[in-house]
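Structure, as structure tokens:
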Amino acid sequence: MTSNLTIQERYQHIHDRVARAAGKAGRSASDVTLVAVSKTFPASDIARHHGFGQMDFGENKIQELTLKQESLSNSHIRWHYIGHLQRNKAKFLTSRVHLFHALDSVRLARELNKRLAMDDQTLDCLLQVNVSGEDSKFGVDPEHVDRVLTGIAGFDRLRVQGLMTLAAPAADPELVRGQFALLREVAARHDDHMQPPHNGGPLLSMGMSSDFEVAIEEGATHIRIGSLLFGERT
Ligand SMILES: *Cc1c(COP(=O)(O)O)cnc(C)c1O
Numbered sequence: 017m018t019s020n021l022t023i024q025e026r027y028q029h030i031h032d033r034v035a036r037a038a039g040k041a042g043r044s045a046s047d048v049t050l051v052a053v054s055k056t057f058p059a060s061d062i063a064r065h066h067g068f069g070q071m072d073f074g075e076n077k078i079q080e081l082t083l084k085q086e087s088l089s090n091s092h093i094r095w096h097y098i099g100h101l102q103r104n105k106a107k108f109l110t111s112r113v114h115l116f117h118a119l120d121s122v123r124l125a126r127e128l129n130k131r132l133a134m135d136d137q138t139l140d141c142l143l144q145v146n147v148s149g150e151d152s153k154f155g156v157d158p159e160h161v162d163r164v165l166t167g168i169a170g171f172d173r174l175r176v177q178g179l180m181t182l183a184a185p186a187a188d189p190e191l192v193r194g195q196f197a198l199l200r201e202v203a204a205r206h207d208d209h210m211q212p213p214h215n216g217g218p219l220l221s222m223g224m225s226s227d228f229e230v231a232i233e234e235g236a237t238h239i240r241i242g243s244l245l246f247g248e249r250t
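Each position in the sequence shown, counted from 1, maps to that position plus 16 in our numbering.
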């Protein structure tokens with residue numbers, strides 16, 4: 017359907033869809049940050065999208081992130097780390113990202129905090145919540161968010177700005193609307209434990225290629241779009 021469009025037209029088309037979904041919810045498109053998920057695609061694809069004005073890119077492997085950052089070191093790209101992070105890799109992340117979307121345990125938070133203190137740095141992050149209840153997904157169960165946020169509260173190098181989730185795969189995005197709404201409700205319930213930027217509400221990173229419009233309608237501040245921008249991953 018979109019295959020005859022140029023890459024730039026495809027990029028513009030997604031922005032139009034973001035604006036329409038935001039408008040439908042009475043929100044402004046500027047309240048939604050599009051994170052272009054470039055995992056598995058080469059740095060040249062990132063450079064091309066950056067040339068269209070795209071600023072935010074998401075990666076989910078430390079080594080891949082590192083290589084791409086090195087080859088694009090002259091850019092002003094904001095890098096987002098969206099994948100599960102093993103504790104033994106914490107030291108590689110700390111100085112590298114604008115926003116870490118996948119904080120998912122007190123133990124990882126402790127390790128990151130220790131590394132950040134050694135380097136005299138801070139890190140903005142989102143707590144990943146498993147709203148779909150699938151065993152295969154990382155993330156804190158909604159009923160444990162309070163305990164985990166309390167456990168993290170003393171780690172002064174980490175600023176938890178909001179929550180992140182992945183909805184279950186669904187043929188119809190309407191089927192996962194409730195999962196996005198749940199993330200928003202969990203965030204509202206615990207907003208006194210979070211430190212969003214410039215006095216806004218907690219950040220909500222939710223919605224991907226297949227379901228981002230519903231996520232925007234439910235309050236997403238960050239959508240993470242891969243295949244729709246870059247093509248299918250092999
Ligand atoms: C790969 C990935 C995405 C993007 O998925 P698409 O369906 O290609 O848009 C978003 N979020 C996370 C955490 C991912 O790993």
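Ideal placement from N, C-alpha and C gives every residue a C-beta, glycine not left out. None of these values were measured; they are calculated from a predicted model.
Which class does residue 140 belong to by DSSP, given the choice of helix, strand or coil? Start at 1 with the first residue of the sequence shown, and residue 140 comes out as number 124. Strand, per DSSP.
Cα-Cα, which of 183, 243, 79 is closest to residue 234? Counting from one through the sequence shown, the residue named residue 234 turns up at place 218. Here the closest residue by C-alpha is 183.
What does the Cβ neighbour count give for residue 86, buried or exposed, with the cut at 16 atoms within 10 Å? Here residue 86 refers to the residue found at position 70 when the sequence shown is read from its first residue. Exposed is the call here.
Determine the DSSP secondary structure at residue 53, reduced to helix, strand or coil. Within the sequence shown, residue 53 is the residue found at index 37, counting from 1. In this structure, residue 53 counts as strand in the three-state DSSP scheme.
On the DSSP bridge assignment, give the partners of residue 238 in chain order. Against the sequence shown, residue 238 aligns to sequence position 222. Partner(s): 49, 221.
Of the choices 94, 53, 175, 55, whose alpha-carbon is the least far from that of residue 71? Numbered from its first residue, the sequence shown carries residue 71 at position 55. Answer by Cα proximity: 94.
Mind checking who residue 72 pairs with in its DSSP beta bridge? Position 56 of the sequence shown, counted from the first residue, corresponds to residue 72. DSSP output for residue 72 lists 94 as bridge partner(s).
Buried or exposed: where does residue 44 fall if 16 or more other Cβ atoms within 10 Å of its Cβ makes it buried? For this step, residue 44 is matched to residue 28 along the sequence shown. Classification of residue 44: exposed, given that the 10 Å Cβ count is below 16.
Any non-hydrogen atom of ligand 1 closer than 7 Å to residue 83 Cβ: In the sequence shown, residue 83 corresponds to position 67, counting from 1. Because no heavy atom of ligand 1 lies under 7 Å away, the Cβ of residue 83 does not count as near it: no.
The alpha helix (DSSP H) with residue 34 in it runs from where to where? Counting from one through the sequence shown, the residue named residue 34 turns up at place 18. Its alpha helix (DSSP H) spans residues 23–40.
Provide the residue span of the beta strand (DSSP E) that contains residue 175, from first to last. Residue mapping note: residue 175 aligns to position 159 of the sequence shown, counting from 1. That run of the beta strand (DSSP E) goes 174–180.
Going by beta-carbon coordinates alone, are residue 232 and residue 51 separated by less than 8 Å? Taking the sequence shown and counting its residues from 1, one reaches residue 232 at position 216. Taking the sequence shown and counting its residues from 1, one reaches residue 51 at position 35. No, the Cβ-Cβ distance between residue 232 and residue 51 is not below 8 Å.
Could you check if residue 200 is buried or exposed, using at least 16 other CB atoms within 10 Å of its CB as the buried criterion? Position 184 of the sequence shown, counted from the first residue, corresponds to residue 200. It counts as buried.
Is residue 39 near ligand 1, with its Cβ less than 7 Å from a heavy atom? By one-based count along the sequence shown, residue 39 stands at place 23. Checking the Cβ of residue 39 against ligand 1 gives no.
At a cut-off of 7 Å, would you count residue 210 as near ligand 1, judging by its Cβ distance to the nearest heavy atom? Along the sequence shown, one-based indexing puts residue 210 at 194. It does not: the Cβ of residue 210 is nowhere closer than 7 Å to a heavy atom of ligand 1.
Given 7 Å as the limit, tell me if residue 170 has its C-beta closer than that to any heavy atom belonging to ligand 1. Position 154 of the sequence shown, counted from the start, is the residue given in the question as residue 170. No, since every heavy atom of ligand 1 falls outside the 7 Å radius drawn around the Cβ of residue 170.
Residue 245 in three-state terms, based on DSSP: Walking along the sequence shown from the start, residue 245 turns up at place 229. Three-state result, residue 245: helix.
Pairwise C-alpha distance: residue 163 and residue 230: Numbered from 1 along the sequence shown, position 214 holds the residue referred to as residue 230. Numbered from 1 along the sequence shown, position 147 holds the residue referred to as residue 163. Approximately 29 Å between the Cα atoms of the pair.
Going by Cα to Cα distance, which pick from 249, 177, 186 is closest to residue 227? Reading the sequence shown from its first residue, position 211 is the one you call residue 227. Answer by Cα proximity: 186.
The alpha helix (DSSP H) spanning residue 128 covers which residue range? The count along the sequence shown starts at 1 and reaches residue 128 at position 112. Residue 128 -> alpha helix (DSSP H) spans 122–135.
With respect to the beta strand (DSSP E) encompassing residue 116, which residues constitute its N-terminal and C-terminal limits? For the purposes of this step, residue 116 is taken as residue 100 along the sequence shown, with counting starting at 1. Per DSSP, residue 116 belongs to the beta strand (DSSP E) from 115–119.
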